[in-house]
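Numbering (this note's numbering), first residue to last: 224 to 446.
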């Protein structure tokens, strides 16, 4: 399946942070982005496309049918709490939300989420799944070549990424290729995904370093 997302139905600039697999550092990167650009009135959203409790509205005790209670959107207001959304607020986000859906129900939540984002100026969403439907202004994909697992949603989103964000492996930087140069086609191939030819040009991967990340250009698009 090839994703063909459309422009989201709101005017704010949209950044999406996706990741190769769980626990790869998506929330940490969202926090870093908010802190790096404190002048922006960030609205930060975390999307969980498979409610662990079964029912995103009432929790595990609910006997709702498969088509009922498909999603829930919760606003976080406590920046001292332990949830990821609290970390977004503590980093400086003006608003933070958690979108939790049943499996396969992300699309059904988008109309309500778009209404919530109608007045937002700068939006960052932590999610792979959202990219199937909304084309962001910037998509950052966090990758850890040292981990063999990868989500199917991450494989689908690879070709749409504007930049790859490589994680450190302990105290040693994981280099994706000799000399710091890699083609997108080569990297996608290593993860079992196909890259379109328009995005397969060589890209420098050592152009920006921080204490936690190594960022490299993904597609040939400007961002």
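We treat Cβ as the ideally placed atom computed from N, Cα and C, and that holds for glycine.
At which residues does the beta strand (DSSP E) containing residue i begin and terminate?
i: residue 250; result: Where residue 250 is concerned, there is no enclosing beta strand (DSSP E), although the alpha helix (DSSP H) it sits in stretches over 249 to 259.
i: residue 299; result: 294 to 299
i: residue 236; result: 236 to 242
i: residue 267; result: 265 to 271
Could one say the Cβ of residue i lies closer than 8 Å to chain D's Cβ atoms, at least one of them?
i: residue 388; result: You won't find chain D in this structure, because it holds only one protein chain.
For residue i, tell me which candidate among the options has the shortest Cα-Cα distance.
i: residue 386; options: 272, 252, 228; result: 252
i: residue 326; options: 352, 261, 305, 339; result: 352
i: residue 302; options: 310, 349, 295; result: 310
i: residue 234; options: 244, 248, 343; result: 343
i: residue 388; options: 382, 363, 370, 290; result: 363
i: residue 360; options: 288, 341, 383; result: 383
i: residue 333; options: 298, 354, 308; result: 354
i: residue 316; options: 291, 300, 331, 230; result: 300
i: residue 307; options: 246, 228, 259, 290; result: 246
i: residue 232; options: 322, 356, 241, 269; result: 356
i: residue 294; options: 284, 330, 371; result: 330
i: residue 376; options: 230, 241, 229, 227; result: 241
If residue i and residue j are in contact, beta carbons under 8 Å, what's the gap, nearest whole angstrom?
i: residue 347; j: residue 267; result: 5 Å
i: residue 365; j: residue 314; result: The pair is not a contact, with the Cβ atoms about 17 Å apart (cut-off 8 Å).
i: residue 324; j: residue 272; result: 5 Å
i: residue 379; j: residue 249; result: Actually they are not in contact, since the Cβ atoms of residue 379 and residue 249 sit about 16 Å apart, beyond 8 Å.
i: residue 236; j: residue 345; result: 6 Å
i: residue 373; j: residue 243; result: 5 Å
i: residue 270; j: residue 322; result: 5 Å
Shorter than 7 Å, the distance from the beta carbon of residue i to the closest heavy atom of the ligand ATP, or not?
i: residue 232; result: For the structure depicted, the ligand ATP is absent and the ligand set is empty, with no information on it obtainable.
Would you give the residue range spanned by the alpha helix (DSSP H) that residue i belongs to?
i: residue 377; result: 375 to 380
- [ ] Would you mind listing the beta strand (DSSP E) stretches within the region 303 to 371 that are 3+ residues and don't spill past its ends, in chain order?
- [x] Correct list: 318 to 324, 345 to 349, 361 to 366.
TODO: For the region 333 to 344 and the region 277 to 286, state whether three or more C-beta atom pairs, one from each stretch, are separated by less than 8 Å.
DONE: no
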